[in-house]
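The sequence shown finishes on residue 192 if you use our numbering, and the numbering steps up by one all the way, no holes. Where is the CB? At the ideal position from N, CA and C, for every residue including glycine. These numbers were taken from a predicted model, which means no experiment stands behind them.
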Amino acid sequence: METRQTPDWDSLYENATPIPPAEVLSENLYLLPQAGKALDLACGLAENAFLLAAHDLRVDAWDNSEVAIKRINEKANRRDLAVSAKCVDVMKVDFPENCYDVIVSCHFLEQRLTSSIVAALKPGGLLFYQTFTREKTKECGPKALAYQLKSNELLTMFSDLQLVVYREEACLGDTRQGFRDKAMMIGLKKR
Numbered sequence: 002m003e004t005r006q007t008p009d010w011d012s013l014y015e016n017a018t019p020i021p022p023a024e025v026l027s028e029n030l031y032l033l034p035q036a037g038k039a040l041d042l043a044c045g046l047a048e049n050a051f052l053l054a055a056h057d058l059r060v061d062a063w064d065n066s067e068v069a070i071k072r073i074n075e076k077a078n079r080r081d082l083a084v085s086a087k088c089v090d091v092m093k094v095d096f097p098e099n100c101y102d103v104i105v106s107c108h109f110l111e112q113r114l115t116s117s118i119v120a121a122l123k124p125g126g127l128l129f130y131q132t133f134t135r136e137k138t139k140e141c142g143p144k145a146l147a148y149q150l151k152s153n154e155l156l157t158m159f160s161d162l163q164l165v166v167y168r169e170e171a172c173l174g175d176t177r178q179g180f181r182d183k184a185m186m187i188g189l190k191k192r
């Protein structure tokens, strides 16, 4: 079994430039509810959270980097956006049940949290999930296989949700185009 090594996130986020919001969210904004509560899980510098807040959602942003959380809260205050960032060890926190209308998780993979994530969605809530796959067209993302999805793994992980959107193009066709090296899924928690 492969050992998971956790990076020093505080050092990484000290001078990091925020990355754009994930495609699973930015390409599917029309699916968001008009109002409600959202969670950006393992949020990094929270560009997904800021996009959700700009679409009238109240957002909790969780990450285990105190540096990232400080930067997020400062930016939320400057922009007057409804983003509340907290330093949380997602492996140890008790997820609130039936709490969120939207959960976004990008570039984070921990299969043991699947049932907690689903339970945290309200009935009718949406999960937007995107992360790296093992089948790649170029080197990107984490090197450890434990942090890379197997083919169609998202479909299995979140089989309790109704599938709304799924993309995993792998190495099919013209690999210079398309959504490569990642998988994305949007799932709906049934009412």
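Limits of the unbroken beta strand (DSSP E) element including phenylalanine 51: Residue mapping note: residue 51 aligns to position 50 of the sequence shown, counting from 1. Per DSSP, phenylalanine 51 lies in no beta strand (DSSP E) segment; the continuous alpha helix (DSSP H) that holds it begins and ends at 48–55.
Straight-line gap, threonine 132 to arginine 177 (C-alpha atoms, nearest Å): Indexing the sequence shown from 1 puts residue 132 at position 131. Indexing the sequence shown from 1 puts residue 177 at position 176. Rounded to whole angstroms, threonine 132 to arginine 177 spans 19 angstroms at the Cα level.
Buried versus exposed call for isoleucine 104 [16 or more other C-beta atoms within 10 Å across all chains shown]: On the sequence shown, position 103 is the one that residue 104 refers to. Counting Cβ neighbours within 10 Å, isoleucine 104 comes out buried, since at least 16 surround it.
Separation of proline 22 from leucine 52, as counted between CA atoms: Here the question's residue 52 lines up with position 51 in the sequence shown. Here the question's residue 22 lines up with position 21 in the sequence shown. Cα to Cα, leucine 52 sits roughly 7 angstroms from proline 22.
Rounded C-alpha distance that separates isoleucine 118 from aspartate 64: Position 117 of the sequence shown, counted from the first residue, corresponds to residue 118. Position 63 of the sequence shown, counted from the first residue, corresponds to residue 64. Cα-Cα distance, rounded: 15 angstroms.
Whole-angstrom C-beta distance between lysine 38 and aspartate 102, which should lie under 8 angstroms: Walking along the sequence shown from the start, residue 102 turns up at place 101. Walking along the sequence shown from the start, residue 38 turns up at place 37. Between lysine 38 and aspartate 102 the Cβ distance is about 6 angstroms, and since that is below 8 angstroms, they are a contact.
Cβ-Cβ separation, leucine 40 to alanine 69 (assumed contact under 8 angstroms), whole Å: Sequence index remark: in the sequence shown, residue 69 carries index 68 (1-based). Sequence index remark: in the sequence shown, residue 40 carries index 39 (1-based). Actually they do not touch by this definition, with Cβ atoms about 15 angstroms apart.
Cβ shell of valine 84 (< 7 angstroms), same chain only, five flanking positions each side left out: Numbered from 1 along the sequence shown, position 83 holds the residue referred to as residue 84. Cβ within range, chain order: Ala47, Ala50, Phe51, Ala54, Val60, Ala62, Ile73 and Ala77.
DSSP state of methionine 158 mapped onto helix, strand, coil: Walking along the sequence shown from the start, residue 158 turns up at place 157. It is helical.
Close-in-space but distant-in-sequence residues of the same chain around leucine 156 (CB under 8 angstroms, 5 per side omitted): For the purposes of this step, residue 156 is taken as the residue at position 155 of the sequence shown. The answer, listed in chain order, is Leu164, Tyr167 and Met186.
Coarse secondary structure for leucine 128, derived from DSSP in three states: Taking the sequence shown and counting its residues from 1, the one referred to as residue 128 is at position 127. Reduced to three states, the DSSP call for leucine 128 is strand.
Whether leucine 189 touches serine 106 by CB criterion (8 angstroms): Within the sequence shown, the letter at position 188 stands for residue 189. Within the sequence shown, the letter at position 105 stands for residue 106. Contact: no.
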